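K.L.:
First the structure, which I've put down as structure tokens, then a few questions once you've had a look.
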Amino acid sequence: MEGSSRPETRYAWHGDDAIAYQVVGDGPADLVYLQGLVSNVELNWDHPSMARFLTALAAGRRLIVVDARGWGCSERSSPSMPWPIELLMEDLRVVLDAVGSRRAVIMANNDCAFVGTLFAATYPDRTAGLVLYEASANWLWTEETPWEWTVERWEREVADYRTDWTRAEAAATVAIFSASMAGDERYIEWWYRYYLLSGSPGYAAASAARYMATDIRAILPAIRVPVVVLVRPEHPEPSWRQSSIYVADHIPGARLVELPGRDSQLWLGNLDTLTRAVDRFMESIREERGELDRVVATVLFTDMVGSTETVARVGDQQWRELVGRHHTTVRALLDRFRGTEVDTAGDGFFATFDGPARAIRCAQAIVESLGSLGISVRAGLHTGECETVDGKVGGIAVNIGARVSAAAGSGEVLVSQTVKDLVAGSGLAFEDRGVHELKGIADGWHLYRAMPPRRWTDERGGSPYDR
Numbered sequence: 012m013e014g015s016s017r018p019e020t021r022y023a024w025h026g027d028d029a030i031a032y033q034v035v036g037d038g039p040a041d042l043v044y045l046q047g048l049v050s051n052v053e054l055n056w057d058h059p060s061m062a063r064f065l066t067a068l069a070a071g072r073r074l075i076v077v078d079a080r081g082w083g084c085s086e087r088s089s090p091s092m093p094w095p096i097e098l099l100m101e102d103l104r105v106v107l108d109a110v111g112s113r114r115a116v117i118m119a120n121n122d123c124a125f126v127g128t129l130f131a132a133t134y135p136d137r138t139a140g141l142v143l144y145e146a147s148a149n150w151l152w153t154e155e156t157p158w159e160w161t162v163e164r165w166e167r168e169v170a171d172y173r174t175d176w177t178r179a180e181a182a183a184t185v186a187i188f189s190a191s192m193a194g195d196e197r198y199i200e201w202w203y204r205y206y207l208l209s210g211s212p213g214y215a216a217a218s219a220a221r222y223m224a225t226d227i228r229a230i231l232p233a234i235r236v237p238v239v240v241l242v243r244p245e246h247p248e249p250s251w252r253q254s255s256i257y258v259a260d261h262i263p264g265a266r267l268v269e270l271p272g273r274d275s276q277l278w279l280g281n282l283d284t285l286t287r288a289v290d291r292f293m294e295s296i297r298e299e300r301g302e303l304d305r306v307v308a309t310v311l312f313t314d315m316v317g318s319t320e321t322v323a324r325v326g327d328q329q330w331r332e333l334v335g336r337h338h339t340t341v342r343a344l345l346d347r348f349r350g351t352e353v354d355t356a357g358d359g360f361f362a363t364f365d366g367p368a369r370a371i372r373c374a375q376a377i378v379e380s381l382g383s384l385g386i387s388v389r390a391g392l393h394t395g396e397c398e399t400v401d402g403k404v405g406g407i408a409v410n411i412g413a414r415v416s417a418a419a420g421s422g423e424v425l426v427s428q429t430v431k432d433l434v435a436g437s438g439l440a441f442e443d444r445g446v447h448e449l450k451g452i453a454d455g456w457h458l459y460r461a462m463p464p465r466r467w468t469d470e471r472g473g474s475p476y477d478r
């Protein structure tokens with residue numbers, strides 16, 4: 012695509028960080044495309060196969076093509092500090108705000124399927140629907156997902172990322188994963204440059220390590236937006252087929268749609284079949300009625316330790332002053348970390364967050380700040396599906412969060428296994444506290460203590476994750 016016909020690359024600013032995107036077409040519905048693995052909004056238009064693909068997706072609607080942070084024209088990262096998924100999810104919200112999109116269908120591929128899925132669970136009011144391709148709930152072998160790669164297999168993959176990317180390597184990759192283009196020198200040259208200019212080898216390796224430690228199986232049943240999972244039965248990597256089927260089976264109401272072809276890339280093969288599937292899905296969304304009132308949220312409970320003994324020791328007047336300082340401190344930190352106060356009962360708080368990493372850091376800040384005032388508190392966190400009834404948050408996830416908090420000791424921040432699994436790559440560290448029986452909650456629950464944060468800042472004077 013030449014000259015003025017090429018879409019203009021724009022930037023949505025997430026604080027000081029720039030997220031690159033392009034807008035193609037104009038229509039009543041918005042479709043966001045997160046390519047995953049490698050991505051470059053500028054180079055997309057340098058080969059007709061990709062240009063045709065994006066033009067077809069934009070027919071009759073507004074297509075928003077995004078380079079995820081770390082890739083293409085968006086903000087890059089150092090290999091020693093890969094961006095956490097929570098930040099990537101917030102980037103998507105920033106782009107939607109920048110283009111004035113209230114709700115959009117999100118089409119997410121490969122590693123970006125993690126981002127799209129968590130975004131849909133957390134922000135159903137901003138997500139009209141979800142289209143997934145090469146999606147997985149986890150990238151590491153488990154007894155439940157034995158088709159996923161082992162740690163040893165991933166270590167070999169990461170080692171491959173660190174080798175030189177040559178034209179010969181590009182040709183070999185095309186022959187396996189883009190069989191219909193094998194021997195096409197123009198396509199091979201484009202793919203060579205596309206992969207080379209999309210991201211650094213170090214970041215690709217760090218990103219793989221992050222996603223290898225990510226597990227969203229516990230979140231899939233909480234997805235309440237319409238979902239279609241695309242799969243190619245002849246995909247050259249069998250594990251992707253099995254992963255996609257697993258995801259479709261575990262998201263309520265999700266539909267699995269098979270696409271013909273041996274190529275792994277969506278932009279190759281029969282575009283008519285793909286666009287018909289997307290068109291029908293978006294039309295079915297348009298016809299649906301009612302608003303969803305369930306979201307995935309991270310719940311935080313805090314509680315002062317030994318309050319009865321403290322009242323007896325200091326007296327009613329000093330106790331009221333102490334509680335006042337407690338409330339002021341907690342509310343200030345909730346505001347700083349973008350938490351929402353739901354309720355307070357005497358010397359405890361109940362709050363919700365749309366990101367687990369921020370919730371943990373808020374809890375740590377609360378414990379530390381109140382400790383300096385001589386107030387000992389404990390905190391517990393869990394991420395799960397919450398129901399909103401008459402403006403109040405409830406549901407089993409709230410009950411679990413309260414029980415996790417009750418299991419914490421003085422000065423501790425205790426989290427559930429679900430929370431720990433969702434913050435891979437965030438820099439947070441945990442200590443295994445074993446399996447606990449939570450009152451009124453079935454089965455044993457694995458809990459972890461969030462370790463106190465390290466004392467370091469970036470050149471702007473704050474943690475890069477506190478943005």
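Under the numbering used here, the first residue of the sequence shown carries the number 12, and numbering increases by one thereafter. All C-beta atoms, glycine included, are put in the ideal place defined by N, C-alpha and C. These numbers were taken from a predicted model, which means no experiment stands behind them.
1. Does the distance from the C-beta atom of residue 58 to that of residue 176 stay below 8 Å?
2. Within this structure, are the beta carbons of residue 84 and residue 51 separated by less than 8 Å?
3. Can you tell me whether residue 37 is helix, strand or coil according to DSSP?
4. Take residue 374 as the anchor and find which of 391, 366, 365 has the nearest alpha-carbon.
5. For residue 256, which of 420, 156, 199, 434 has the nearest alpha-carbon?
6. Using only CA atoms, which one of 159, 168, 205 lies nearest to residue 178?
7. Suppose contacts are defined by Cβ-Cβ distances below 8 Å. Is residue 72 in contact with residue 109 by that definition?
8. My assumption, with CB atoms under 8 Å, is that residue 65 sits in contact with residue 208. Please give the rounded CB distance.
9. Work out the CA separation of residue 288 and residue 170 for me, nearest whole Å.
10. Got a sec? Which residues, its chain only, sit under 8 Å from residue 159 by beta carbon, not counting five neighbours each side?
11. Just to confirm, are residue 103 and residue 76 a CB contact at a threshold of 8 Å?
12. By DSSP's criteria, residue 252 is part of a beta bridge. Which residues make up the other side?
13. Excluding sequence positions up to five away, which residues of its chain have a Cβ less than 6 Å from the Cβ of residue 63?
14. If you scan the stretch 377 to 440 from start to end, which runs of the alpha helix (DSSP H) of 4 or more residues do you find wholly inside it?
15. Would you call residue 446 buried or exposed, if buried means 16 or more other Cβ atoms sit within 10 Å of its Cβ?
16. Reducing DSSP to helix, strand and coil, say where residue 125 ends up.
17. Near residue 93, which residues of its chain fall below 8 Å by C-beta distance, leaving aside the five closest residues on each side in sequence?
18. For residue 162, count neighbouring C-beta atoms within 10 Å of its own C-beta (all shown protein chains included) and say buried if the count is 16 or more, exposed if not.
19. Which residues in the same chain as residue 409 place their Cβ atom closer than 7 Å to its Cβ, once the five residues preceding and following it in sequence are excluded?
20. With DSSP run on the structure shown, which of helix, strand or coil describes residue 177?
21. Residues in its own chain within less than 6 Å of residue 350 by CB, not counting five upstream and five downstream?
22. Does DSSP put residue 475 in a helix, in a strand, or in coil?
23. Start and end of the beta strand (DSSP E) containing residue 141?
24. Excluding the five sequence neighbours on either side, which residues of its own chain have a C-beta within less than 6 Å of the C-beta of residue 303, listed in chain order?
25. Does chain B have any CB closer than 8 Å to the CB of residue 446?
26. Rounding to the nearest angstrom, what Cα-Cα distance links residue 314 and residue 389 in this structure?
27. How many angstroms separate the CA atom of residue 300 from the CA atom of residue 237?
28. For the beta strand (DSSP E) holding residue 96, just list the boundary residues, first then last.
29. For my contact list, residue 393 and residue 412 are in at a C-beta cut-off of 8 Å; report their separation, rounded to the angstrom.
30. Would you mind giving the Cβ-Cβ distance between residue 429 and residue 395, rounded to the nearest angstrom? I have them listed as a contact below 8 Å.
31. What residue range does the alpha helix (DSSP H) around residue 354 cover?
32. On the DSSP letters alone, give me the boundaries of the beta strand (DSSP E) that residue 118 sits inside.
33. When DSSP labels each residue in this structure, what does residue 301 get in the three-state scheme?
34. In this structure, what does DSSP give as the bridge partners for residue 55?
35. If you draw a straight line from the C-alpha of residue 339 to the C-alpha of residue 101, how long is it?
36. Out of curiosity, what's the CA-to-CA distance linking residue 433 and residue 328?
P.N.:
Short version:
1. Residue 176 sits away from residue 58, with the two beta carbons spaced by 8 Å or more.
2. Taking a C-beta distance under 8 Å as the contact criterion, residue 84 and residue 51 qualify as a contact pair.
3. In the displayed model, residue 37 falls within coil according to three-state DSSP, outside both helix and strand.
4. It is 391 whose Cα lies nearest to the Cα of residue 374.
5. Per the C-alpha coordinates, the member of 420, 156, 199, 434 positioned closest to residue 256 is 156.
6. For the residues 159, 168, 205, the minimum Cα distance to residue 178 belongs to 205.
7. Not a contact, by the Cβ cut-off of 8 Å.
8. So it is not a contact: roughly 18 Å between Cβ atoms.
9. If you take the alpha carbons of residue 170 and residue 288, they lie about 37 Å apart.
10. Excluding sequence neighbours, residue 159 sits near 147, 149, 150, 151, 152, 153, 250, 254.
11. Result no, Cβ atoms of residue 103 and residue 76 do not sit closer than 8 Å.
12. As far as DSSP is concerned, residue 252 takes part in no beta bridge.
13. Shown here for residue 63: not one same chain residue has a beta carbon closer than 6 Å to its own, the five before and five after excluded.
14. Annotation note: the stretch 377 to 440 contains the following uninterrupted alpha helix (DSSP H) runs of length 4 or greater, listed N- to C-terminal: 407 to 418, 428 to 433.
15. Under this definition residue 446 is an exposed residue.
16. In the structure shown, residue 125 sits in a helix (DSSP, three-state: H, G or I).
17. Excluding residues within five positions, the ones whose Cβ falls inside 8 Å are 81, 214, 217, 218, 220, 221, 436.
18. Exposed, since its Cβ has fewer than 16 Cβ neighbours within 10 Å.
19. Contacts found: 310, 397.
20. Note: residue 177 maps to coil in three-state DSSP.
21. Excluding positions up to five away in sequence, the list reads 362, 364, 373.
22. In this prediction, residue 475 scores a pLDDT of 37, lower than 50, which makes its location untrustworthy; no coordinate-derived value is stated.
23. In the DSSP annotation of this structure, the continuous segment of the beta strand (DSSP E) that includes residue 141 starts and ends at 138 to 144.
24. Caution applies to residue 303, whose pLDDT of 47 falls short of 50 and renders its modelled position unreliable; the value that the coordinates give is listed next. Correct list, in chain order: 135, 235.
25. The structure shown has no chain B; it contains just one protein chain.
26. Those two C-alpha atoms are separated by around 6 Å.
27. Per-residue confidence for residue 300 stands at a pLDDT of 46, beneath the threshold of 50, marking its modelled position as unreliable; the derived number appears in the next sentence. Roughly 12 Å separates the two Cα atoms.
28. Under the DSSP assignment, residue 96 falls outside any beta strand (DSSP E), being part of the alpha helix (DSSP H) whose first and last residues are 96 to 110.
29. A Cβ-Cβ separation of about 4 Å places residue 393 in contact with residue 412 under the 8 Å criterion.
30. In this structure residue 429 is in contact with residue 395, their Cβ atoms being roughly 7 Å apart against a cut-off of 8 Å.
31. Looking at the DSSP string, residue 354 is not in any alpha helix (DSSP H); the run it does join, the beta strand (DSSP E), is 351 to 356.
32. In this chain, the beta strand (DSSP E) harbouring residue 118 covers 115 to 120.
33. Any reading at residue 301 must be qualified, since the residue scores a pLDDT of 37, below 50, and its modelled position is unreliable; the value itself is stated next. If DSSP states are grouped into helix, strand and coil, residue 301 belongs with coil.
34. When DSSP reads this structure, residue 55 sits in no beta bridge, so it has no partner.
35. One C-alpha to the other measures close to 27 Å.
36. One Cα belongs to residue 433, the other to residue 328, and the distance between them is close to 43 Å.
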